[in-house]
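Novice: My structure is below; once you've seen it, I'll send some questions.
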Amino acid sequence: MHLCFARSSKENKTKFEVEESSIEGVKITKVYYRSSSLPLLKSFINLKRYIKALKIAYAKGERNYDLAHVNVAFPAGLFALHLKRKYKLPYIITEHWSGYLSATKLYEKSSLFVKKLHQNIFKEAQKVFTVSKTLGEALQQNQLINEFDTLPNYIDLDLFQPQSEKLSKFTFVHVSTVDEATKNFSGILQALAQLKEEGLGFQFNLVVEANTEQVKAKLNEYGLSDLTKLYSYIDAAKVAELMGQSHCLIQFSNFETFSIVLAEAWLTGLPCVYSKCGGLTDVQDPTLGIQVTPKQVDELVNALRKVMLSIENYSPIEIHNTSKKFLNPTQIKDKYLRILS
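The following block contains the structure:
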């Protein structure tokens, strides 16, 4: 097995820089390419450099492979298409991109040329997996595929386990990029501000991949700075630790293709308040928490209040065991092998 990555970088001293490593016998090659900033031409130049970077990474391997696995069809699928046509190497796709969803319309807004590239990639794939039924159906609606199988994302069960030690004060946790269009971060802050105004005592663990100064300004705007512990770009082990210490996860997205954070929280034994917007958020089970309507802040407030006042009714072990039935990595592996055999 050989994992090949291509990443853009403005820090490159040369056009392409190679980084090689190995984990448990699996060869990993990362090629960083210098990104272009030329007006009008940068998209085309960067795409060519991306494909070239993957060619460099591939050349570092043995080349006697049976199958290529594309993680997100575009643009990596263009290289898989090249391998199939030049070396007759079949490829499969696991798709995650939210741009195919009607909520984003990113694919729909693409040029005819870009759409044609997507169509060719999917047309020649041996098999297409999607991380949710919602995403698979979106691909069908965009006439990119006829059939698909769903496979959830892998979650490390060794990391995300119920913890016995909770913080003494009721704690909400939210983990995301805090992007407004996707995650509706302002809606979460509005709901928490309402709970604070009602006099309910809580604290807020906030984990972001974003500019912390902007996040701090937003927290201050809603009067939540004093209740919030802010963490930025932390590793998975720290995320698991913070989830385990907390009492309830909040997810109020406008759309999701899977929702890794929801999976991690459930496996940690956390009840969740989450908006029904695709992927795992379509699961409705009172054992796991409360499902709300996207953008409906009043619903979110009521659900958060209800969980706070009835937290003793939720069992971390039951939440973990229930979610493990559909998030177990062994089941994911077995399904891959069964479908591909």
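In the working numbering, the protein residues as written are 668 to 1008.
Here a beta-carbon is modelled for each residue, glycine too, at the ideal position from N, C-alpha and C.
What are the boundary residues of the alpha helix (DSSP H) that includes SER853?
Specialist: Working through the sequence shown from its first residue, we reach residue 853 at position 186. Per DSSP, SER853 belongs to the alpha helix (DSSP H) from 852-864.
Novice: Could you spell out the range, first to last residue, of the alpha helix (DSSP H) harbouring VAL739?
Specialist: Walking along the sequence shown from the start, residue 739 turns up at place 72. That residue, VAL739, is in no alpha helix (DSSP H); it is neither H nor E in DSSP.
Novice: Tell me the rounded alpha-carbon separation between LEU994 and LEU745.
Specialist: Against the sequence shown, residue 994 aligns to sequence position 327. Against the sequence shown, residue 745 aligns to sequence position 78. C-alpha separation (whole angstroms): 30 Å.
Novice: In its own chain, which residues sit with a C-beta less than 7 Å from the C-beta of ASN738, not counting the 5 before and 5 after it?
Specialist: Counted from its first residue, the sequence shown places residue 738 at position 71. Taken in chain order, the residues that qualify are THR761.
Novice: By alpha-carbon positions, which one of LEU955, ILE984, HIS987 and LYS962 ends up nearest to VAL974?
Specialist: For the purposes of this step, residue 974 is taken as residue 307 along the sequence shown, with counting starting at 1. Residue LEU955 is the option with its Cα nearest to VAL974.
Novice: Exposed or buried, which one is VAL968 when buried takes at least 16 other CB atoms within 10 Å?
Specialist: In the sequence shown, counting from the first residue as 1, residue 968 sits at position 301. By the 10 Å Cβ count, VAL968 comes out buried.
Novice: Which residue wins for smallest C-alpha separation from GLY692, given the options HIS669, PRO706 and GLU684?
Specialist: Numbered from 1 along the sequence shown, position 25 holds the residue referred to as residue 692. Checked all of HIS669, PRO706 and GLU684; the closest Cα to GLY692 is HIS669.
Novice: The beta strand (DSSP E) with LYS794 in it runs from where to where?
Specialist: For the purposes of this step, residue 794 is taken as residue 127 along the sequence shown, with counting starting at 1. 794-797 is the span of the beta strand (DSSP E), which, as asked, contains LYS794.
Novice: Among the candidates CYS671, GLU931 and GLY945, whose CA atom is the shortest distance from the CA of GLN828?
Specialist: For the purposes of this step, residue 828 is taken as the residue at position 161 of the sequence shown. Of the listed residues, the one whose Cα sits closest to GLN828 is GLU931.
Novice: In or out: ILE855 buried (at least 16 other Cβ within 10 Å) or exposed?
Specialist: Within the sequence shown, numbered from 1, the residue matching residue 855 stands at position 188. ILE855 comes out buried.
Novice: Return the Cβ separation of VAL845 and PHE852 in integer angstroms, given the expectation that the two are a contact with Cβ distance under 8 Å.
Specialist: On the sequence shown, position 178 is the one that residue 845 refers to. On the sequence shown, position 185 is the one that residue 852 refers to. About 4 Å; that satisfies the 8 Å criterion.
Novice: Between which two residues does the alpha helix (DSSP H) carrying VAL1012 extend?
Specialist: Examination of residue 1012 is not possible in this model, given that the chain is present from 668 through 1008 alone.
Novice: Please go through the same chain and pick out, in chain order, the residues whose beta-carbon is closer than 6 Å to the beta-carbon of SER990, but skip the five residues on each side of it.
Specialist: Start at 1 with the first residue of the sequence shown, and residue 990 comes out as number 323. Result list for SER990: TRP933 and LEU934, in chain order.
Novice: Sort LEU909, THR801 and ASN809 by Cα distance to THR948 and report the nearest one.
Specialist: Against the sequence shown, residue 948 aligns to sequence position 281. Closest by alpha carbon: THR801.
Novice: Using the three-state DSSP reduction, which class does GLN786 fall into: helix, strand or coil?
Specialist: By 1-based counting over the sequence shown, the position of residue 786 is 119. Helix at GLN786.
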